[in-house]
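Protein chains: 2
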Amino acid sequence: MIERCLQEEARLREFLKGAQVFRQGDVARAVFYVVDGEVQLCRFGRRGERIIVHRARAGEYFAEASLESKRYHCDAIVMKPARLLEVPAARFRYVLRSDPDFAQRWSALLSRQLQIVRARAERMSLVGAAERVRHYLATAGSGPRLEVELRGSIKDLAAELGLTHETLYRTLARMQKSGEIEREGSRLRRRRASV
Amino acid sequence: MIERCLQEEARLREFLKGAQVFRQGDVARAVFYVVDGEVQLCRFGRRGERIIVHRARAGEYFAEASLESKRYHCDAIVMKPARLLEVPAARFRYVLRSDPDFAQRWSALLSRQLQIVRARAERMSLVGAAERVRHYLATAGSGPRLEVELRGSIKDLAAELGLTHETLYRTLARMQKSGEIEREGSRLRRRRASV
DNA sequence: CGTCGCATTGATATCGCTCAAATCCGGTGG
DNA sequence: CCACCGGATTTGAGCGATATCAATGCGACG
Numbered sequence: 004m005i006e007r008c009l010q011e012e013a014r015l016r017e018f019l020k021g022a023q024v025f026r027q028g029d030v031a032r033a034v035f036y037v038v039d040g041e042v043q044l045c046r047f048g049r050r051g052e053r054i055i056v057h058r059a060r061a062g063e064y065f066a067e068a069s070l071e072s073k074r075y076h077c078d079a080i081v082m083k084p085a086r087l088l089e090v091p092a093a094r095f096r097y098v099l100r101s102d103p104d105f106a107q108r109w110s111a112l113l114s115r116q117l118q119i120v121r122a123r124a125e126r127m128s129l130v131g132a133a134e135r136v137r138h139y140l141a142t143a144g145s146g147p148r149l150e151v152e153l154r155g156s157i158k159d160l161a162a163e164l165g166l167t168h169e170t171l172y173r174t175l176a177r178m179q180k181s182g183e184i185e186r187e188g189s190r191l192r193r194r195r196a197s198v
Numbered sequence: 004m005i006e007r008c009l010q011e012e013a014r015l016r017e018f019l020k021g022a023q024v025f026r027q028g029d030v031a032r033a034v035f036y037v038v039d040g041e042v043q044l045c046r047f048g049r050r051g052e053r054i055i056v057h058r059a060r061a062g063e064y065f066a067e068a069s070l071e072s073k074r075y076h077c078d079a080i081v082m083k084p085a086r087l088l089e090v091p092a093a094r095f096r097y098v099l100r101s102d103p104d105f106a107q108r109w110s111a112l113l114s115r116q117l118q119i120v121r122a123r124a125e126r127m128s129l130v131g132a133a134e135r136v137r138h139y140l141a142t143a144g145s146g147p148r149l150e151v152e153l154r155g156s157i158k159d160l161a162a163e164l165g166l167t168h169e170t171l172y173r174t175l176a177r178m179q180k181s182g183e184i185e186r187e188g189s190r191l192r193r194r195r196a197s198v
């Protein structure tokens with residue numbers, strides 16, 4: 004749920020699939036909260052490859068950095084029709100200053116984000132597709148078998164892991180055949196319980 | 004400089020090169036501030052490869068996540084003899100709640116960290132060593148020629164870019180020969196001004 | 001029914017990792 | 001002052017993993 008203290012500052016906006024909430028280089032005016040739907044923050048390399056910087060889902064904020072930055076650093080593209088709460092950066096800063104409770108929760112939220120992104124960066128420095136899959140399960144999975152509920156397509160996961168989708172398909176197939184992991188619809192887990 | 008409001012809460016500790024400030028799995032008791040020296044936060048893969056999660060230098064905090072987490076997620080190893088201010092997590096949280104100014108600055112600091120790490124993760128998803136170098140200059144460089152002052156060895160930079168040092172040497176040599184970049188001691192920049 | 005995007009598998013080339021070795025450089029101790 | 005040492009730097013050779021290109025099947029959706 005969005006913080007109550009922000010709610011009255013926010014404007015609700017609806018977007019269709021494919022819409023752009025903002026583009027790289029736009030003046031950073033607002034922080035957003037996803038009521039429902041999904042927004043992808045991405046950049047495009049010189050050859051048009053899409054690099055997913057972040058995926059914001061229901062219940063998450065995005066463009067937090069607009070509090071600290073003059074302009075947006077990436078595109079925000081609506082992947083699933085979404086309703087977003089738009090909180091002007093100035094209002095947000097004001098609430099942040101005036102509500103210590105909220106400030107604390109906000110810090111906590113940023114810290115958690117930081118951990119997740121660091122895990123991702125760490126994962127990308129691993130060599131070998133299988134190692135990345137293992138690391139992904141280890142950091143994003145839950146329970147003794149490190150189960151993960153895939154929220155998007157395998158292609159999306161491939162992007163998250165910094166692999167091409169072909170390589171990921173093959174790697175998953177190999178890991179299944181060797182009995183290391185199981186797939187069950189959109190669930191992915193280790194076959195044997197981990198340490 | 005460390006925040007004045009934290010100073011009286013902190014204990015100054017000195018470490019020799021190679022010392023461990025804490026290890027992965029230790030109970031997360033404190034946030035640290037680097038007065039001088041350098042501390043590397045790293046994990047070790049199963050084959051002993053060192054993965055640098057973060058490098059904290061004079062004027063920076065590290066282990067911010069210990070505010071949100073029961074245990075440390077990585078090792079902290081002193082690379083250059085360091086003096087650290089250790090702020091107990093509880094004290095830190097208290098200051099965070101009671102000093103809105105500080106809370107705001109802390110949020111800003113976390114946001115900036117987040118941006119940097121996101122840039123790093125994005126960089127690692129690029130294919131080709133030269134692309135990574137270009138991206139590094141683009142995100143970490145300053146001025147029209149995207150100049151960067153290298154703070155460590157080329158080996159360190161290689162780790163930051165997720166390449167082996169051999170590959171990075173070769174790539175840099177190639178980029179210099181082709182006239183794309185210049186090296187001047189520990190400075191690295193584009194030869195031609197960027198867009 | 002046609003189209004579009006995802007899933008899957010195949011073939012191939014390339015790039016970066018690995019192992020190896022020579023040089024350089026700063027520091028350290030005799 | 002010199003010998004020595006460890007670590008960084010640099011270059012070489014070869015292999016394997018992954019990106020890339022290509023083709024097909026499949027399901028959703030209009």
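Line by line, the protein sequences are chains A and B.
Per our numbering, residue 4 is the first one in the first sequence, and the count goes up by one each step.
Per our numbering, residue 4 is the first one in the second sequence, and the count goes up by one each step.
Ideal placement from N, C-alpha and C gives every residue a C-beta, glycine not left out.
So, residue i versus residue j, is the Cβ gap smaller than 7 Å?
i, j, result
"A:Thr174", "A:Ala133", "yes"
"B:Ser189", "B:Leu149", "no"
"A:Leu99", "B:Gln107", "yes"
"B:Leu117", "A:Gln118", "no"
"B:Lys20", "B:Val81", "yes"
"A:Ala239", "A:Val42", "This structure cannot speak to residue 239 of chain A, because chain A is shown only from 4 to 198."
"B:Ala105", "B:Glu11", "Here residue 105 of chain B is Phe; the residue named in the question, Ala, does not match the sequence. Contact flag unset, no."
"A:Val120", "B:Arg121", "yes"
"A:Gly155", "A:Pro84", "no"
"A:Glu183", "A:Arg86", "no"
"B:Ile55", "B:Ala143", "no"
"A:Val90", "A:Leu9", "yes"
"A:Glu63", "A:Val37", "yes"
Where does residue i land, buried or exposed, given buried means 16+ other C-beta within 10 angstroms?
i, result
"B:Leu128", "According to the sequence shown, residue 128 of chain B is Ser rather than Leu. Buried is the call here."
"B:Ala61", "exposed"
"A:Asp78", "buried"
"B:Ser114", "buried"
"B:Leu15", "exposed"
"A:Arg137", "buried"
"A:Glu125", "buried"
"A:Cys45", "buried"
"B:Leu88", "buried"
"B:Ser110", "buried"
"B:Ala33", "buried"
"B:Val130", "exposed"
"B:Phe25", "buried"
"B:Gly165", "buried"
"A:Ser123", "As written in the sequence, residue 123 of chain A is Arg, which differs from the Ser given in the question. Buried is the call here."
"B:Ala141", "exposed"
"B:Phe95", "buried"
"B:Ala13", "buried"
"B:Tyr139", "buried"
Could you tell me which residues DSSP puts in a beta bridge with residue i?
i, result
"A:Ser145", "A:Glu150"
"A:Arg58", "A:Gln43"
"B:Glu187", "B:Arg190"
"A:Phe95", "A:Phe95 pairs with nothing; no bridge assigned."
"B:Gln23", "B:Ile80"
"A:Phe105", "Answer is none; A:Phe105 lacks a bridge partner."
"B:Arg53", "B:Phe47"
"B:Ala33", "B:Pro91"
"B:Tyr64", "B:Tyr36"
"A:Arg195", "Answer is none; A:Arg195 lacks a bridge partner."
"A:Ala85", "A:Phe18"
"B:Arg74", "B:Val30"
Just to make sure I have the definition right: I need the residues of chain A whose C-beta is within less than 9 Å of the C-beta of residue i. Which are they?
i, result
"B:Pro103", "Leu99, Arg100, Ser101, Asp102, Pro103, Ala106"
"B:Ser156", "Result: empty, since nearest Cβ-Cβ is about 17 Å, beyond 9 Å."
Run down chain A in chain order and give the residues with a C-beta less than 8 Å from the C-beta of residue i.
i, result
"B:Leu117", "Glu67, Ala68, Leu113, Gln116, Leu117, Val120"
"B:Glu125", "Arg46, Ile54, Val56"
In chain B, what lies closer than 7 Å to residue i by C-beta?
i, result
"A:Arg74", "Near A:Arg74 there are no residues of chain B at all, since even the closest Cβ is about 12 Å away, more than 7 Å."
"A:Gly165", "Met127, Ser128"
Just checking my contact of residue i with residue j at CB under 8 Å: how many whole Å lie between their CB atoms?
i, j, result
"A:Ala31", "A:Arg74", "5 Å"
"B:Ala68", "B:His57", "Their Cβ separation, rounded to whole angstroms, is 10 Å, which puts B:Ala68 and B:His57 out of contact at 8 Å."
"B:Ala196", "B:Pro147", "4 Å"
List, in chain order, every chain B residue whose beta-carbon is nearer than 8 Å to that of residue i.
i, result
"A:Glu71", "Ala111, Ser114, Arg115, Gln118"
Mind checking whether the beta-carbon of residue i lies closer than 6 Å to any heavy atom of the ligand MG?
i, result
"A:Gly188", "What this structure holds is no ligand at all, so the ligand MG is not there to describe."
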